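Below is one structure; the comments refer to it alone.
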Amino acid sequence: MLFLNRQEGAFTQPLHFQFVWGVLGGIPFTPRNLALLLDLKPPNATWSVCGVSKQQFQGGLCAAAWGGHIRVGLEDNTRVVSGELAKGSYEQVAWAKKVTEVAGREIAQGEEARKIFHLKQEHVIL
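Those letters in the sequence shown? Residues 1 to 126, per our numbering, in order.
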């Protein structure tokens with residue numbers, strides 16, 4: 001990320017960072033590890049977290065509280081917060097919605113989400 005901070009004009013701004021926790025060979029989730037990475041990103045960059053197993057939920061709690069975004073879905077994690085197998089991604093989405101609301105934030109919908117992540121309509125698959 002320090003490299004990206006020094007490459008003014010080389011990348012379309014603002015940048016987006018996806019922090020992935022719990023993968024083999026990666027760093028484990030801790031609030032300190034997330035804070036260290038956030039200190040390195042450009043100030044105007046957006047960010048989100050996802051993870052494998054319980055690290056998805058630990059990272060998601062911090063993201064909700066610290067102004068980030070949460071990525072959930074069975075492609076990353078087949079479990080719900082209790083550790084049981086998820087019946088579908090909808091259970092993880094419901095969890096993410098709940099912790100986001102507890103953190104005093106709102107869920108981005110459709111057009112608003114596309115603006116946050118700078119997506120054009122043609123990038124959205126319905």
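Glycine residues also receive a C-beta, built at the ideal position from the N, C-alpha and C atoms.
Just so it is clear, the structure is predicted and the values come from calculations on it, not from any experiment.
**Request:** Please name the residue or residues paired with S48 in a DSSP beta bridge.
**Result:** By 1-based counting over the sequence shown, the position of residue 48 is 48. Q18, H69.
**Message:** Assuming R79 and S53 are in contact, meaning their beta carbons sit under 8 Å apart, how far apart are those beta carbons, in whole angstroms?
**Reply:** The count along the sequence shown starts at 1 and reaches residue 79 at position 79. The count along the sequence shown starts at 1 and reaches residue 53 at position 53. Indeed they touch by this definition, with Cβ atoms about 6 Å apart.
**Prompt:** Who are L24's beta bridge partners in DSSP?
**Reply:** Residue 24 sits at position 24 when you count from the first residue of the sequence shown. Answer is none; L24 lacks a bridge partner.
**Prompt:** For the 8 Å Cβ check, are there 3 or more pairs between the region 87-102 and the region 55-71?
**Reply:** Yes, since at least three Cβ pairs between the region 87-102 and the region 55-71 fall closer than 8 Å, the two stretches touch.
**Request:** Just grab the DSSP bridge partners of R79 for me.
**Result:** Here the question's residue 79 lines up with position 79 in the sequence shown. Residue pairing for R79: DSSP places it in a beta bridge opposite L85.
**Request:** Below 8 Å CB to CB, which residues in the same chain sit around R71 once its five sequence neighbours on both sides are set aside?
**Result:** What you label residue 71 is simply residue 71 of the sequence shown in a count that begins at 1. Around R71: Q18, S48, V49, C50.
**Item:** Cβ-based neighbour list, A64, same chain, cut-off 7 Å, excluding 5 preceding and 5 following
**Value:** Against the sequence shown, residue 64 aligns to sequence position 64. These residues qualify, in order along the chain: I70, V99, T100, A103, R105.
**Message:** Since I116 and T30 should fall inside the 8 Å C-beta cutoff, what is the C-beta to C-beta distance between them, to a whole number of angstroms?
**Reply:** Position 116 of the sequence shown, counting from 1, holds the residue named residue 116. Position 30 of the sequence shown, counting from 1, holds the residue named residue 30. With 8 Å as the limit, I116 and T30 do not qualify as a contact, their Cβ atoms being about 26 Å apart.
**Message:** Output needed for G131: all residues of its chain with C-beta closer than 6 Å, excluding positions within five of it in sequence on either side, in chain order.
**Reply:** With the chain covering 1 to 126 only, the question about residue 131 has no answer from this structure.
**Prompt:** If you draw a straight line from the alpha carbon of P14 to that of G26, how long is it in whole angstroms?
**Reply:** Working through the sequence shown from its first residue, we reach residue 14 at position 14. Working through the sequence shown from its first residue, we reach residue 26 at position 26. Cα to Cα, the separation comes out at about 25 Å.
**Message:** So the candidates are P28, E91, G67, G73; which of them puts its Cα closest to the Cα of A108?
**Reply:** Here residue 108 refers to the residue found at position 108 when the sequence shown is read from its first residue. With distances taken between Cα atoms, A108 lies closest to G67.
**Request:** Return yes when the Cβ of C62 is within less than 7 Å of the Cβ of L34, no when it is not.
**Result:** To locate residue 34, count along the sequence shown from 1; it is residue 34. To locate residue 62, count along the sequence shown from 1; it is residue 62. Yes.
**Prompt:** Taking the alpha-carbon positions, what's the G88 to A113 distance?
**Reply:** Looking up residue 88 in the sequence shown gives position 88. Looking up residue 113 in the sequence shown gives position 113. A direct Cα-Cα distance of roughly 22 Å separates G88 from A113.
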